[in-house]
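Visitor: Here the protein sequences line up with chains Y and U, keeping their order. Here our numbering is used: the first residue of the first sequence is 1, the next is one more, and so on. Here our numbering is used: the first residue of the second sequence is 64, the next is one more, and so on. Take this structure first; my questions come after.
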Amino acid sequence: MSSFERRMKKFVSFLVLVVAMLPATSSRAGERYAATGLVLQVDTTRQTVVVSCESIPNVMTQW
Amino acid sequence: MSFPVHDAKSLQDLKPGMTIDFAIATEKEASYAEEIHVRAFQSLENDPSEANRLSILENMLSDKGRTKDALTVGQAVPDFRLVDQNQQQVALSDFAGKVVVVTFVYVRCPLPNYCFRVSSNFARLQKRFKNEIGRDLVLLTIIIDPVHDQPQSVKDYARIWSADPKGWHFLTGSPAEIQQICARFDMKYYPNEALLVHSFHTVVIDRRARLAGNIEGNDFTAKQLGDLVETVMADSR
Numbered sequence: 001m002s003s004f005e006r007r008m009k010k011f012v013s014f015l016v017l018v019v020a021m022l023p024a025t026s027s028r029a030g031e032r033y034a035a036t037g038l039v040l041q042v043d044t045t046r047q048t049v050v051v052s053c054e055s056i057p058n059v060m061t062q063w
Numbered sequence: 064m065s066f067p068v069h070d071a072k073s074l075q076d077l078k079p080g081m082t083i084d085f086a087i088a089t090e091k092e093a094s095y096a097e098e099i100h101v102r103a104f105q106s107l108e109n110d111p112s113e114a115n116r117l118s119i120l121e122n123m124l125s126d127k128g129r130t131k132d133a134l135t136v137g138q139a140v141p142d143f144r145l146v147d148q149n150q151q152q153v154a155l156s157d158f159a160g161k162v163v164v165v166t167f168v169y170v171r172c173p174l175p176n177y178c179f180r181v182s183s184n185f186a187r188l189q190k191r192f193k194n195e196i197g198r199d200l201v202l203l204t205i206i207i208d209p210v211h212d213q214p215q216s217v218k219d220y221a222r223i224w225s226a227d228p229k230g231w232h233f234l235t236g237s238p239a240e241i242q243q244i245c246a247r248f249d250m251k252y253y254p255n256e257a258l259l260v261h262s263f264h265t266v267v268i269d270r271r272a273r274l275a276g277n278i279e280g281n282d283f284t285a286k287q288l289g290d291l292v293e294t295v296m297a298d299s300r
């Protein structure tokens with residue numbers, strides 16, 4: 001295998017890896033889910049709310 | 064589960080123990096809670112006559128339907144002293160340094176989704192926190208009909224739920240004492256023929272005897288109540 005072929009092979013492997021990672025990082029971005037839960041904690045300084053939720057299909061299991 | 068919000072104003076009126084409907088908006092870095100709405104407890108709507116009577120009672124008690132002396136989250140809970148299922152005097156101050164969960168039932172309540180469910184929630188708390196019960200966590204079930212629920216029936220009721228006497232007390236007292244304690248937690252009830260019409264409140268008190276949360280209604284799960292108890296136990300160590 002020539003030097004050019006080896007570089008091409010590395011480049012293609014890298015490209016495949018990048019393409020494979022894209023859906024994992026952004027597939028759910030922009031989606032919205034309705035939820036209901038019991039408020040456990042409110043932190044106005046950090047702007048967070050902790051909620052005990054019932055399971056949300058196709059969402060909770062992925063988190 | 065912790066959610067950030069874009070606007071701190073959306074958290075202003077939220078308190079632990081409230082049930083909320085909201086939208087989870089997924090973004091690249093995080094998932095945000097948006098469109099947060101507090102869900103009002105409405106289960107009495109299934110029986111409009113009962114709901115109407117309770118509404119009249121609420122209006123008699125205050126202008127806005129909230130008992131005048133009701134505590135808000137963060138306020139100190141005044142001490143009270145009642146008698147438990149073993150005829151022992153029990154005071155809230157006996158449990159200083161522990162997390163205390165309080166709810167309200169009457170023994171002959173026939174409805175499975177009412178007092179039975181409330182007691183079932185406590186039985187599940189007792190199981191989930193079996194290592195903490197009595198040592199770090201105390202459950203108090205206040206009997207709201209002390210005239211009819213005599214000591215032996217209260218003791219039998221505690222036995223049904225396999226209540227650990229070190230950590231789960233079923234408390235009775237005079238009607239006036241019970242009424243006064245209930246008012247602090249916005250708990251309302253009145254006799255209706257042979258039964259009681261009542262609201263639902265499950266209260267969590269932190270280690271410093273401050274109100275940490277007051278869950279209204281019976282729509283929450285035992286797991287959610289347990290999650291709130293766990294949060295308060297961790298918070299106030």
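Just so you know, even glycine gets a beta-carbon here, dropped at the ideal spot from N, CA and C.
State the beta-bridge partners of Thr89(U) as determined by DSSP.
Guide: Indexing the second sequence from 1 puts residue 89(U) at position 26. Paired residues: Ser94(U).
Visitor: Nearest by alpha-carbon distance to His211(U): which of Val168(U), Phe85(U) and Ala93(U) is it?
Guide: Taking the first residue of the second sequence as 1, we reach residue 211(U) at position 148. Taking only the C-alpha atoms, the option nearest His211(U) is Val168(U).
Visitor: Check Leu200(U) in the structure and name its three-state DSSP category.
Guide: Within the second sequence, the letter at position 137 stands for residue 200(U). Looking at Leu200(U) - three-state DSSP - the assignment turns out to be strand.
Visitor: Using only CA atoms, which one of Leu134(U), Ile278(U) and Thr204(U) lies nearest to Ala154(U)?
Guide: Against the second sequence, residue 154(U) aligns to sequence position 91. The shortest Cα separation from Ala154(U) among Leu134(U), Ile278(U) and Thr204(U) belongs to Thr204(U).
Visitor: Helix, strand or coil: which one does DSSP assign to Val50(Y)?
Guide: Counting from one through the first sequence, the residue named residue 50(Y) turns up at place 50. It is a strand residue.
Visitor: Between the Cα of Pro209(U) and those of Cys245(U), His69(U) and Gly280(U), spot the shortest distance and give me the residue it belongs to.
Guide: In the second sequence, residue 209(U) corresponds to position 146, counting from 1. With distances taken between Cα atoms, Pro209(U) lies closest to Cys245(U).
Visitor: CB-CB under 6 angstroms to Val181(U), same chain, minus the five flanking residues each way: which ones, in chain order?
Guide: As a position in the second sequence, residue 181(U) is number 118, starting the count at 1. Excluding positions up to five away in sequence, the list reads Thr166 and Val168.
Visitor: On the three-state DSSP scale, how would you describe Phe66(U)?
Guide: By one-based count along the second sequence, residue 66(U) stands at place 3. Looking at Phe66(U) - three-state DSSP - the assignment turns out to be strand.
Visitor: Please state whether the Cβ-Cβ distance between Leu77(U) and Val42(Y) is less than 8 angstroms.
Guide: Numbered from 1 along the second sequence, position 14 holds the residue referred to as residue 77(U). Numbered from 1 along the first sequence, position 42 holds the residue referred to as residue 42(Y). The answer is yes: Cβ separation under 8 angstroms.
Visitor: Within 8 angstroms (strictly less), CB to CB, does Val165(U) reach chain Y?
Guide: To locate residue 165(U), count along the second sequence from 1; it is residue 102. No, because no Cβ of chain Y sits closer than 8 angstroms to the Cβ of Val165(U).
Visitor: Does the beta-carbon distance from Pro141(U) to Arg222(U) come in below 8 angstroms?
Guide: Translated into the one-based positions of the second sequence, residue 141(U) becomes position 78. Translated into the one-based positions of the second sequence, residue 222(U) becomes position 159. Cβ distance not < 8 angstroms, so Pro141(U) and Arg222(U) don't count as in contact.
Visitor: Over the uninterrupted alpha helix (DSSP H) stretch that includes Ala186(U), give me the two end residues.
Guide: For the purposes of this step, residue 186(U) is taken as residue 123 along the second sequence, with counting starting at 1. Under the DSSP assignment, Ala186(U) falls in the alpha helix (DSSP H) whose first and last residues are Cys178 to Arg191.
Visitor: Would Thr291(U) pass as a contact of Val266(U) if the rule is Cβ separation under 8 angstroms?
Guide: Mapped onto the second sequence, residue 291(U) falls at position 228. Mapped onto the second sequence, residue 266(U) falls at position 203. Going by the sequence as given, residue 291(U) is Leu instead of Thr. Not in contact: Leu291(U) and Val266(U) (Cβ atoms no closer than 8 angstroms).
Visitor: Using the beta-carbon of each residue, which ones in chain Y are nearer than 9 angstroms to Val68(U)?
Guide: As a position in the second sequence, residue 68(U) is number 5, starting the count at 1. Here the neighbours are Gln47, Thr48 and Val49.
Visitor: Helix, strand or coil for Thr294(U) per DSSP?
Guide: Reading the second sequence from its first residue, position 231 is the one you call residue 294(U). Here DSSP, grouped into helix, strand and coil, assigns Thr294(U) to helix.
Visitor: Once the 5 residues before and after Phe185(U) are set aside, which same chain residues still bring their CB inside 6 angstroms of it?
Guide: Walking along the second sequence from the start, residue 185(U) turns up at place 122. Only Leu202 meet the Cβ criterion.
Visitor: Measure the CB-CB distance between Phe66(U) and Thr44(Y) and report whether it falls below 8 angstroms.
Guide: For the purposes of this step, residue 66(U) is identified with residue 3 of the second sequence, where counting begins at 1. For the purposes of this step, residue 44(Y) is identified with residue 44 of the first sequence, where counting begins at 1. No, Cβ-Cβ distance for Phe66(U) and Thr44(Y) is not below 8 angstroms.
Visitor: Asp84(U): buried (16+ other C-beta within 10 angstroms of its C-beta) or exposed?
Guide: Position 21 of the second sequence, counted from the start, is the residue given in the question as residue 84(U). Looking at its Cβ environment, which holds fewer than 16 other Cβ atoms inside 10 Å, Asp84(U) is exposed.
Visitor: Looking at the secondary structure, which residues open and close the alpha helix (DSSP H) in which Pro214(U) lies?
Guide: The residue labelled residue 214(U) in the question sits at position 151 within the second sequence. Looking at the DSSP string, the run of the alpha helix (DSSP H) that includes Pro214(U) is Pro214 to Ile223.
Visitor: Scan the region 83-99 of chain U for residues whose Cβ lies nearer than 7 angstroms to a Cβ of chain B and list them as they occur along the chain.
Guide: The structure shown has no chain B; the protein chains it does contain are Y and U.
Visitor: Say the cut is 7 angstroms; is the CB of Ala96(U) nearer than that to a heavy atom of the ligand GDP?
Guide: Absence of the ligand GDP from the depicted structure is noted, as is the absence of any ligand whatsoever, leaving it without description.
Visitor: Alpha carbon to alpha carbon, how far is Ala29(Y) from Ala322(U)? Give it in angstroms, no decimals.
Guide: Lying outside 64 to 300, the shown extent of chain U, residue 322(U) is not represented and no answer is given.
Visitor: Under a three-way DSSP split, which group does Asp84(U) fall into?
Guide: The sequence position of residue 84(U) within the second sequence is 21, counting from 1. Reduced to three states, the DSSP call for Asp84(U) is strand.
Visitor: Since Glu31(Y) meets chain U, which of its residues come closer than 7 angstroms, beta carbon to beta carbon?
Guide: What you label residue 31(Y) is simply residue 31 of the first sequence in a count that begins at 1. Per Cβ cutoff of 7 angstroms: Thr89.
Visitor: I need the straight-line Cα distance from Ser156(U) to Glu31(Y), nearest angstrom please.
Guide: If you number the second sequence from 1, residue 156(U) lands on position 93. If you number the first sequence from 1, residue 31(Y) lands on position 31. Ser156(U) and Glu31(Y): Cα-Cα distance of roughly 49 angstroms.
Visitor: If the criterion is Cβ atoms closer than 8 angstroms, does the pair Cys76(Y) and Met81(U) meet it?
Guide: Residue 76(Y) falls outside the range modelled here, since chain Y spans only 1 to 63, and no answer is possible.
Visitor: Please name the residue in Pro175(U), Lys229(U), Leu200(U) and Gly236(U) whose C-alpha comes closest to that of Val217(U).
Guide: Within the second sequence, residue 217(U) is the residue found at index 154, counting from 1. Nearest of Pro175(U), Lys229(U), Leu200(U) and Gly236(U) to Val217(U), Cα basis: Gly236(U).
Visitor: Write down every uninterrupted run of the alpha helix (DSSP H) in the region 222-264 of chain U whose length is 4 residues or greater and which is fully enclosed by it, in chain order.
Guide: Runs of the alpha helix (DSSP H) lying entirely within the region 222-264 of chain U and spanning at least 4 residues, in chain order: 238-247.
Visitor: What separation, rounded to the nearest whole angstrom, lies between the Cα atoms of Ser94(U) and Phe158(U)?
Guide: Along the second sequence, read from residue 1 onward, the residue named residue 94(U) stands at position 31. Along the second sequence, read from residue 1 onward, the residue named residue 158(U) stands at position 95. Approximately 39 angstroms, taken between the alpha carbons.
Visitor: For Glu90(U) and Val163(U), what's the separation of their Cα atoms in angstroms?
Guide: Against the second sequence, residue 90(U) aligns to sequence position 27. Against the second sequence, residue 163(U) aligns to sequence position 100. Rounded to the nearest angstrom, the gap between the Cα atoms of Glu90(U) and Val163(U) is 39 angstroms.
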